[in-house]
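For what it's worth, UniProt numbering labels the leading residue of the sequence shown as 1, then goes sequentially.
Using N, Cα and C, we set each Cβ at its ideal position, and we do this for glycine too.
Report on the following structure.
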Amino acid sequence: MSNLQGTLYVVATPIGNRGDISERARRVLAGVAVVAAEDTRRSGQLLSHYGISARLVSLHEHNEDRQVPRLLARLQAGEDIALISDAGTPLVSDPGYRLVSACAWAGVRTSPVPGPSAVMAALSVAGLPTDRFCFEGFLPARPGPRRKALAALAAEPRTLVLLESSHRILDSLRTVAEVFGPERPAVVARELTKTWETVLRGPVGALVQRLEADPDQRRGEFVLLLAGAPATASDDETLLHTLRPLLAELPVKRAARVAAQITGAPRNRLYQLALREKGVEG
Numbered sequence: 001m002s003n004l005q006g007t008l009y010v011v012a013t014p015i016g017n018r019g020d021i022s023e024r025a026r027r028v029l030a031g032v033a034v035v036a037a038e039d040t041r042r043s044g045q046l047l048s049h050y051g052i053s054a055r056l057v058s059l060h061e062h063n064e065d066r067q068v069p070r071l072l073a074r075l076q077a078g079e080d081i082a083l084i085s086d087a088g089t090p091l092v093s094d095p096g097y098r099l100v101s102a103c104a105w106a107g108v109r110t111s112p113v114p115g116p117s118a119v120m121a122a123l124s125v126a127g128l129p130t131d132r133f134c135f136e137g138f139l140p141a142r143p144g145p146r147r148k149a150l151a152a153l154a155a156e157p158r159t160l161v162l163l164e165s166s167h168r169i170l171d172s173l174r175t176v177a178e179v180f181g182p183e184r185p186a187v188v189a190r191e192l193t194k195t196w197e198t199v200l201r202g203p204v205g206a207l208v209q210r211l212e213a214d215p216d217q218r219r220g221e222f223v224l225l226l227a228g229a230p231a232t233a234s235d236d237e238t239l240l241h242t243l244r245p246l247l248a249e250l251p252v253k254r255a256a257r258v259a260a261q262i263t264g265a266p267r268n269r270l271y272q273l274a275l276r277e278k279g280v281e282g
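Here is the structure:
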């Protein structure tokens, strides 16, 4: 038996368009001893499309506790393993965390093979701020918990990224309109990279009406993006509390940069506040 341990490769696969797989991903999937997949039938079809013959092992939320020790033992024995999800990047609202965590604690090398991600794809075309964002995955299925979860996010200043299914997208949008108000800017990204890809933008209330009127826009897989909560006067005063002593010692741009590092607020917003504090037009 070799003393060398294997490597766990965390491999991103296409979220729709099969042309989006990377050359490295194909090479890794073809070369490992086993591929751990969420749905072996679906993944088998994907690998067959690329002419890859690989041994598949099921790894999903219902068997992960049982499978992780077996896969870890194989890695420690020197075998390389690839981890994939049904689509996109593993662990992002998909199984795999327990295996990656076990490898990290056991000192087994884990290597990312980056590629498609529904979250990043949606952000790239949304037209909302992307310098800071907050990924919340799927909202709760039941109305009460869903409303409670959204209420906890209503004041979040960063762009919010959510995942949603076809049978809940309209109900989720309606709840967003109730909790955040119908004027909150939003984006509904549907079936990204697939034949019927659509990206709808507008106030969330208008998007509710759009989906109510067009059943086709309620089909497929969704990424829902919501603009962050607008700044309030009290927010500005809190930031100015940090800015004022810095402005007494530093030029405006440097003060804004340091304040951004301290508070985590966007540098441009702090720069505009600093200019206003100095009585200078932005």
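Exposed or buried, residue i, counting other C-beta atoms within 10 Å across all chains shown (16 or more means buried)?
i      : result
Ile262 : exposed
Ala106 : exposed
Thr89  : buried
Ser43  : buried
Val113 : buried
Leu139 : buried
Ala77  : exposed
Thr13  : buried
Ala54  : buried
Gln217 : buried
Glu249 : exposed
Leu4   : exposed
Pro116 : buried
Assuming the contact rule is C-beta atoms closer than 8 Å, residue i and residue j should be a hit. Round their C-beta distance to whole Å, please.
i      : j      : result
Val179 : Val223 : The pair is not a contact, with the Cβ atoms about 19 Å apart (cut-off 8 Å).
Leu192 : Gly16  : 6 Å
Ala36  : Leu71  : 6 Å
Ala260 : Pro266 : 7 Å
Val32  : Ile81  : 6 Å
Ala177 : Val208 : 6 Å
Using the three-state DSSP reduction, which class does residue i fall into: helix, strand or coil?
i           : result
Ala37       : strand
Ile262      : helix
Ser111      : strand
Tyr271      : helix
Arg26       : helix
Val92       : coil
Ser58       : strand
Trp196      : coil
Ser2        : Only weak support exists for where Ser2 lies, its pLDDT of 48 falling under 50; the value from the coordinates is given anyway. In the structure shown, Ser2 sits in coil (DSSP, three-state: anything other than H, G, I, E or B).
Pro215      : helix
residue 284 : Past the boundaries of the shown model lies residue 284; the chain is included only from 1 to 282, so the question cannot be answered.
Pro230      : coil
Asp65       : helix
Ala87       : coil
Ala177      : helix
Ala206      : helix
Arg142      : coil
Asp235      : helix
According to DSSP, residue i sits in a beta bridge with which residue or residues?
i           : result
Leu162      : Gly137 and Leu224
residue 352 : With the chain covering only 1 through 282, there is no way to say anything about residue 352.
Ala82       : Tyr9 and Val35
Arg201      : Val187
Report all residues from its chain with a CB closer than 8 Å to the CB of residue i; omit the five preceding and five following residues, and keep chain order.
i      : result
Lys278 : Leu247 and Val252
Asp236 : Leu273
Gly202 : Pro185, Ala186 and Arg210
Ser166 : Arg218, Arg219, Gly220, Glu221 and Phe222
Ignore the nearest five residues each way along the sequence and tell me which others in residue i's own chain have a CB closer than 7 Å to its CB.
i      : result
Ala255 : Leu243, Leu246, Leu247 and Ala274
Phe133 : Leu123, Arg158, Thr159 and Val161
Spatial neighbours of residue i within its chain, please: C-beta separation below 6 Å, excluding the five flanking residues on both sides.
i      : result
Ala155 : Ala229
Arg98  : Glu64 and Val68
Ala30  : Ile52
Glu164 : Ser172, Phe222 and Leu224
Gly96  : Leu83 and Pro90
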